[in-house]
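The next block holds one structure in the form of structure tokens; read it before the comments.
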Amino acid sequence: MDSRKQVDLEFAYGSGHINPSAAVNPGLVFDASEADYIDFLCKTGYNTTTLRLVTGDNSTCTNTLLGRGWDLNYPSFSLYVKDGEQIMGVFNRTVTNVGEPNSTYVSSVYIPTTFSVTVEPSVLSFSAVGEKKSFTVKITGPKISQQPIMSGAITWKYGVHVVRTPLVVYNYIPGAPYNLNDGSTYSMINNKKATFRGSSIYHKNGIIGYN
1 MDSRKQVDLE
11 FAYGSGHINP
21 SAAVNPGLVF
31 DASEADYIDF
41 LCKTGYNTTT
51 LRLVTGDNST
61 CTNTLLGRGW
71 DLNYPSFSLY
81 VKDGEQIMGV
91 FNRTVTNVGE
101 PNSTYVSSVY
111 IPTTFSVTVE
121 PSVLSFSAVG
131 EKKSFTVKIT
141 GPKISQQPIM
151 SGAITWKYGV
161 HVVRTPLVVY
171 NYIPGAPYNL
181 NDGSTYSMIN
191 NKKATFRGSS
201 IYHKNGIIGY
211 N
């Protein structure tokens, strides 16, 4: 987890090291169902044929508008910004309390000075185990061009519980190791044979490459 050695940052080493003892009592969890993942895949470019290669069932992509799948209830935030465009993204998340019945989690944000992040509400109060609360993360900033990956994090804290979610903003740079337009990545849509080169960064065509 050294940014000096791995330019892909979170896209290479993930969210960080796991703490096994804390993992059995996380406090908050981000629930996502099978239907949520299907909707995410459809929004990011899968069609019914390619979707069924993943699900192995009769799932379909119908009446789904292509987009970035930002609202998959996943414990991370990844914002791709086209070269020369302003930083702007809104993410909706829901957490479920699996810790103490009466608990209040307060958010804190660590980000580079390049952009700003607003969490609303910034405090989540629970009165029961299994209770759900939603929040919105808004990321804003100036126009960026040829900008390497910028990393940050949002952390919710209550007592011994520290729930950290990584946040990255990145810009497409021609010729960079995560250039997914060079034909080196696997395309299910075009039925190309998988090759294992390039970065794991999601790009606008919704297809993922692997190191």
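In case it helps, our numbering puts the sequence shown at residues 1 to 211.
Quick reminder that beta carbons are idealized off the backbone N, C-alpha and C, glycines included.
Nothing here was measured: the structure is a model prediction, and the numbers come from that model.
Simplified DSSP state of GLU120, which is helix, strand or coil: strand
Backbone secondary structure at TYR46 - three-state DSSP: coil
Within the segment 53 to 107, ranges of the beta strand (DSSP E) (whole runs, at least 3 residues): 77 to 81 and 86 to 97
Boundaries (first-last residue) of the alpha helix (DSSP H) holding ALA23: 20 to 23
Counted within 10 angstroms of its Cβ, other Cβ atoms place LYS43 as buried (16 or more) or exposed: buried
Bridge partner(s) assigned by DSSP for PRO148: The partner list for PRO148 (beta bridge, DSSP) is empty, contrary to what the question assumes.
Coil, strand or helix - ALA35 by DSSP: helix
Residue span of the beta strand (DSSP E) that contains THR165, given as start and end: 161 to 171
Backbone CA spacing between ASN19 and VAL123 [nearest angstrom]: 24 Å
C-beta atoms of LEU255 and ILE38 nearer than 9 Å: Nothing about residue 255 can be reported from this structure: the residues present for the chain run from 1 to 211 only.
Continuous beta strand (DSSP E) stretch holding GLY141: start and end: 132 to 143
GLY99 versus THR55 - alpha carbon distance: 32 Å
Environment of PRO166 [buried if 16+ CB atoms lie within 10 Å]: buried
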